[in-house]
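Counting from 1, one number per residue, gives the positions in the sequence shown under full-length UniProt numbering.
Glycine residues also receive a C-beta, built at the ideal position from the N, C-alpha and C atoms.
In what follows, a single structure is set out as structure tokens and then discussed.
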Amino acid sequence: MLFSMALIAFVVVALPVWIVAHYLVRWRAARVISGEDETLLAELHRTAERLEGRVQTLERILDAELPNWRRDHD
């Protein structure tokens with residue numbers, strides 16, 4: 001009888017609290033960006049800026065060489 005009461009108390013009280021706490025910890029950990037992720041994001045940002053500069057350079061060259069290229073290709 002005592003064992004079944006303890007088991008019921010565990011299932012009704014302790015188990016739900018433990019499950020909620022477990023998933024709260026996982027949810028909070030998933031929101032944090034790791035140092036490796038920050039490094040990767042910074043590298044991707046630098047790459048995007050370089051590519052943007054290249055596109056702007058190509059557009060300036062095309063504007064000088066083919067003034068109507070934007071109208072013809074938009």
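Under 8 Å between C-beta atoms of Trp69 and Leu62: With contacts defined as CB atoms closer than 8 Å, Trp69 and Leu62 qualify as a contacting pair.
Using the C-alpha atoms, what's the distance from Arg46 back to Leu40? 10 Å
Separation of Glu43 from Val20, as counted between CA atoms: 37 Å
Val32 by DSSP, collapsed to three states: which one? coil
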